[in-house]
Amino acid sequence: MYKKKDFVSDLVLALNKDEKRQFTILYGDSSKGVEPPLFYQLYSVYESGKNDLYKNNIPVEATSVTSAKRRLYNNLLRTLRDMNEDSSTDIFIQNKLTNVELLYNHSLPEQSVLELNKAYGEAQKFEKFGLMLQLLEWEKRLNIVLPTPTRTLSEIKKEEREILKKFSQQLDMESMYSHILELKREIGYAKGRDKQRVENATIKSALMPKESECMSNNARFYRHYIYAIYYWMTFNHKEAYNHSRRLIDYDQHNIQPNDYIHGIFQHITSSVCLGLFSDTLNGIALAEAFTSQYRLNQSLPFSGILFAYHVNYKMIVLNYMGSQKQLKDFIQKVELRLRDSGKTIPADALQIIFANLMVSYMGLDLLDKAAEVRKRLLDLKKKINIRLDILTDVYFFQLFMLMQAKSYDLIKPAAESALRFFRKNEDAQMVFEVEMPIALLLSKAYNYEDKKVLPMLLSKCRNTVNDYISKLKGTIKFQEHYTRYLIWFDAIERGIPFHQAAREWYQEFKGVNQ
């Protein structure tokens, strides 16, 4: 362990001032004129930022250094345990478990029971089912030597069975949650047979309980989470929001921190899909605060995910609000981060960033930049599987980018290319309910010099999108993915930049929905 990487040095450098002071009080007292032990001398060397004992004139043998490192590492951890014994539920319970065993080994079972009861109460409160089972094992063991057993063995066994039922249900829900996340990464929005596939795997699964049948907060949390994702995937954004907002209410101590913060992310998604832009930005701030509180930002991949959520939804919000200057400044920061640390961002998050960058550059009337990002997405497709809804938009988006650029001669071949892609899906009519009829419309030859042609085509495109949005459950005449096309159609027809049309749309939308 110590040869491949100097974990001791890393641990010393990670200590804060209070922890260093406590370690010195415990092990570094030289007031009696006695030289501190070798492991503390080694600590002083590390703490000063130097890793070589010999350069610090401490004559020691190599074997002694190895032994001193082990002692130093163990004593550092002991100090941290002592200082943080009540800092989290898990540490508290584990420390109580240690006390139970120590007291038992000293033939003090009555005192062991007192510690066990404190630990069990805490484990029960926070639904730590695994720890509860460990504690019940200790209760059975203590009852062998106690003058008066705490209760009968059959009562303990009955409680174990109840805990196992709850634990089993929680594991089933976590498994279903993991599966719907995989489906979300694979297909994004679910239509046609994909919708049926998602339904059968989740909300119609035999393992999915009713809310009243959930036996724990953990199970209720994952049930709301699964439903929030399902309704998002199937465009019922009001129901998605109703479930995702419940995720925020659950005590995060019950839930794995990474799942809890992903619940915040899901609520951010639901909020933006209803055009609740203030809720969206508040959710981003909450996620960043939670990440800092639980030190999740020490993980580069997790920091990458948080960055992706932040930038994706802020780009969407600023684009819909028509906030041209803010969006331009923000995009510059995004591009800088991608240049410096893009490799740390997971590929499934990176493709969504590229998709929103493409739309944002269009919103700023920077069509060349939008085309560059579209190419980056297509290049990424050679390395990973791009989500179906994103790849669909790569083809669909191109049609109106060409229309805005007045490259009319390229619209027909681009529409034909889009149709070829759509028809590869055996459920194309359902999956591409908006995109396919519009691509068919634009695949025909038109005389764009005739001033009546463009308004006629845009009117038909507008009707197709409006008809689709009006059929969706849980929308407020807004659909995050498609409403931007309605704004874009208006901008193209009027010959104005997207951000101007978006700003006008947002003022009207905000007034109606307040």
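Straight run, no breaks: the sequence shown in our numbering ends on number 1223. Think of the CB as a built atom: it goes at the ideal place given N, C-alpha and C, for glycine as much as any other residue. Keep in mind the model is a prediction, meaning the values are calculated, not measured.
> By Cβ distance, which residues of its chain are closer than 6 Å to A1127, with the 5 residues on each side in sequence left out?
Replying inline: Locating residue 1127 in the sequence shown gives position 418, counting from the first residue. Counting only Cβ-Cβ distances below 6 Å, and skipping sequence neighbours, we find Y1104, A1148.
>> If contacts are defined as beta-carbon pairs under 8 Å, then L1036 and M1024 qualify, I think. What distance do you get, rounded to the angstrom?
In response: Stepping through the sequence shown from its first residue, residue 1036 is reached at position 327. Stepping through the sequence shown from its first residue, residue 1024 is reached at position 315. Their Cβ separation, rounded to whole angstroms, is 7 Å, which keeps L1036 and M1024 in contact under 8 Å.
> Since L1111 contacts L1119 with CB under 8 Å, what's their CB separation in whole angstroms?
Replying inline: In the sequence shown, the residue the question calls residue 1111 occupies position 402. In the sequence shown, the residue the question calls residue 1119 occupies position 410. Beta-carbon to beta-carbon, L1111 and L1119 are separated by about 5 Å, close enough to satisfy the 8 Å threshold.
>> If I measure Cβ to Cβ from P966 and keep anything under 7 Å in the same chain, skipping five residues before and after, which residues do I get?
In response: Indexing the sequence shown from 1 puts residue 966 at position 257. Cβ-Cβ distances below 7 Å link P966 to Y1003, L1005 in the same chain, with the five nearest sequence neighbours on each side left out; the list follows chain order.
> DSSP three-state call for W1214: helix, strand or coil?
Replying inline: On the sequence shown, residue 1214 is found 505 positions in, with the first residue counted as 1. In the three-state reduction of the DSSP assignment, W1214 falls in the helix class.
> When we look at the beta-carbon of I973 and count the other beta-carbons within 10 Å, is it buried (16 or more) or exposed?
Replying inline: In the sequence shown, counting from the first residue as 1, residue 973 sits at position 264. Its Cβ being crowded by 16 or more others within 10 Å, I973 is buried.
>> For a test of the three-state rule: what should DSSP assign to P1164, helix, strand or coil?
In response: Translated into positions along the sequence shown, residue 1164 becomes position 455. P1164: helix per DSSP, three-state reduction.
> How is the alpha helix (DSSP H) around S1069 delimited, first residue to last?
Replying inline: Here the question's residue 1069 lines up with position 360 in the sequence shown. Counting along the chain, the alpha helix (DSSP H) containing S1069 begins and ends at 1056 to 1072.
> DSSP three-state call for P745: helix, strand or coil?
Replying inline: For the purposes of this step, residue 745 is taken as the residue at position 36 of the sequence shown. Secondary structure of P745 (DSSP, three-state): coil.
>> Below 8 Å, how does it come out for the segment 1040 to 1056 and the segment 992 to 1003: are there three or more Cβ pairs, yes or no?
In response: They do not touch, by the three-pair rule.
> So, is G839 buried or exposed, given that buried needs 16 or more other C-beta atoms within 10 angstroms?
Replying inline: Looking up residue 839 in the sequence shown gives position 130. A residue is called buried once 16 or more other Cβ atoms fall within 10 Å of its Cβ, and G839, having fewer, is exposed.
> If you scan the segment 1071 to 1115 from start to end, which runs of the beta strand (DSSP E) of 3 or more residues do you find wholly inside it?
Replying inline: Runs found: none.
> If you drop the 5 nearest sequence neighbours on each side, which residues of the same chain put their C-beta closer than 7 Å to that of V1026?
Replying inline: For the purposes of this step, residue 1026 is identified with residue 317 of the sequence shown, where counting begins at 1. For V1026, where only same-chain residues beyond five positions count, the Cβ hits under 7 Å are V981, F986, T989, L990.
>> Can you give me the C-alpha to C-alpha distance between Q1107 and G992, rounded to a whole angstrom?
In response: Taking the first residue of the sequence shown as 1, we reach residue 1107 at position 398. Taking the first residue of the sequence shown as 1, we reach residue 992 at position 283. Distance from the CA atom of Q1107 to the CA atom of G992, rounded to whole angstroms, is 32 Å.
> CB-CB under 7 Å to L812, same chain, minus the five flanking residues each way: which ones, in chain order?
Replying inline: Residue numbering aside, residue 812 sits at position 103 when the sequence shown is read from its first letter. Excluding positions up to five away in sequence, the list reads Q820, S821, E824.
> Terminal residues of the continuous alpha helix (DSSP H) containing K866?
Replying inline: What you label residue 866 is simply residue 157 of the sequence shown in a count that begins at 1. Element bounds for K866: 862 to 896.
> Terminal residues of the continuous alpha helix (DSSP H) containing I1205?
Replying inline: Reading the sequence shown from its first residue, position 496 is the one you call residue 1205. Careful: I1205 lies outside any alpha helix (DSSP H) and carries neither H nor E.
> By Cβ distance, which residues of its chain are closer than 7 Å to A1124, with the 5 residues on each side in sequence left out?
Replying inline: By 1-based counting over the sequence shown, the position of residue 1124 is 415. Residues of the same chain with a CB within less than 7 Å of the CB of A1124, apart from the 5 flanking positions on each side, are L1108, A1148, L1151, S1152 in chain order.
> Should N1156 go down as buried or exposed, given a rule of 16 or more other Cβ atoms within 10 Å for buried?
Replying inline: Your numbering for residue 1156 matches position 447 in the sequence shown. N1156 sits exposed, since fewer than 16 C-beta atoms from the chains shown fall within 10 Å of its C-beta.
> Once you ignore the five residues that flank A1210 on each side, which residues in its own chain have a CB closer than 6 Å to its CB?
Replying inline: Here residue 1210 refers to the residue found at position 501 of the sequence shown. Taken in chain order, the residues that qualify are I1196, D1199, A1200.
> Hey, L1086 and A1058: beta-carbon distance below 8 Å or not?
Replying inline: Here residue 1086 corresponds to residue number 377 of the sequence shown, with the count starting at 1. Here residue 1058 corresponds to residue number 349 of the sequence shown, with the count starting at 1. No, the pair does not count as a contact, with Cβ atoms beyond the cut-off.
> Is DSSP giving P856 helix, strand or coil here?
Replying inline: Start at 1 with the first residue of the sequence shown, and residue 856 comes out as number 147. In this structure, P856 counts as coil in the three-state DSSP scheme.
> Hey, how far is the Cα of N1076 from the Cα of I1205?
Replying inline: Reading the sequence shown from its first residue, position 367 is the one you call residue 1076. Reading the sequence shown from its first residue, position 496 is the one you call residue 1205. Looking at the sequence shown, residue 1076 is not Asn but Leu. C-alpha separation (whole angstroms): 14 Å.
>> Using 8 Å for Cβ pairs, my map puts S914 next to W941. What's the rounded Cβ distance?
In response: Residue mapping note: residue 914 aligns to position 205 of the sequence shown, counting from 1. Residue mapping note: residue 941 aligns to position 232 of the sequence shown, counting from 1. About 18 Å separates the beta carbon of S914 from that of W941, a gap too long to meet the 8 Å contact definition.
> Just reading off the alpha helix (DSSP H) that L823 is part of, what are its end residues?
Replying inline: As a first step, residue 823 is located in the sequence shown; it is residue number 114 there, counting from the start. Looking at the DSSP string, the run of the alpha helix (DSSP H) that includes L823 is 818 to 834.
> Looking at C-alpha atoms only, which residue of D881, T943, Q843 is the closest neighbour of E868?
Replying inline: Residue numbering aside, residue 868 sits at position 159 when the sequence shown is read from its first letter. It is Q843 whose Cα lies nearest to the Cα of E868.
> So Y1194 packs on M1030, CB below 8 Å; how close in whole Å?
Replying inline: Taking the sequence shown and counting its residues from 1, the one referred to as residue 1194 is at position 485. Taking the sequence shown and counting its residues from 1, the one referred to as residue 1030 is at position 321. About 17 Å; that fails the 8 Å criterion.
>> Can you give me the C-alpha to C-alpha distance between L651 and D1049, rounded to a whole angstrom?
In response: There is simply no residue 651 to check, as the chain begins at 710 and stops at 1223 in what is shown.
>> So, for K764: in the same chain, excluding its five sequence neighbours on each side, which residues have a beta-carbon less than 6 Å away from its beta-carbon?
In response: What you label residue 764 is simply residue 55 of the sequence shown in a count that begins at 1. Annotation note: pLDDT 49 at K764 (below 50); position unreliable, no value reported.
> For N725, which three-state DSSP category applies?
Replying inline: In the sequence shown, residue 725 corresponds to position 16, counting from 1. Three-state DSSP puts N725 in coil, outside helix and strand.
> DSSP three-state call for F1198: helix, strand or coil?
Replying inline: Translated into the one-based positions of the sequence shown, residue 1198 becomes position 489. Helix at F1198.
> Going by alpha carbons, who is nearest to L892 out of L1097, E1144, Q878?
Replying inline: For the purposes of this step, residue 892 is taken as residue 183 along the sequence shown, with counting starting at 1. Check the Cα spacing between L892 and each of L1097, E1144, Q878: the tightest is with L1097.
> Where D968 and A928 are concerned, what is the direct C-alpha to C-alpha distance, given to the nearest angstrom?
Replying inline: Position 259 of the sequence shown, counted from the first residue, corresponds to residue 968. Position 219 of the sequence shown, counted from the first residue, corresponds to residue 928. Pairing D968 with A928, the inter-Cα distance amounts to about 13 Å.
> Going straight from the alpha carbon of H946 to that of H976, what length do you get?
Replying inline: For the purposes of this step, residue 946 is identified with residue 237 of the sequence shown, where counting begins at 1. For the purposes of this step, residue 976 is identified with residue 267 of the sequence shown, where counting begins at 1. Each residue's CA atom was taken as its position, placing H946 and H976 some 11 Å apart.
> Can you list, in chain order, the residues of its chain whose CB lies under 8 Å from that of G897, leaving out five sequence neighbours each side?
Replying inline: Translated into positions along the sequence shown, residue 897 becomes position 188. Non-local C-beta neighbours of G897 in its own chain, meaning closer than 8 Å and more than five positions away in sequence, comprise M942, R1096, L1097, D1098, I1099, ordered along the chain.
> Exposed or buried, which one is S1168 when buried takes at least 16 other CB atoms within 10 Å?
Replying inline: By one-based count along the sequence shown, residue 1168 stands at place 459. The C-beta of S1168 has fewer than 16 other C-beta atoms within 10 Å across all chains shown, which makes the residue exposed.
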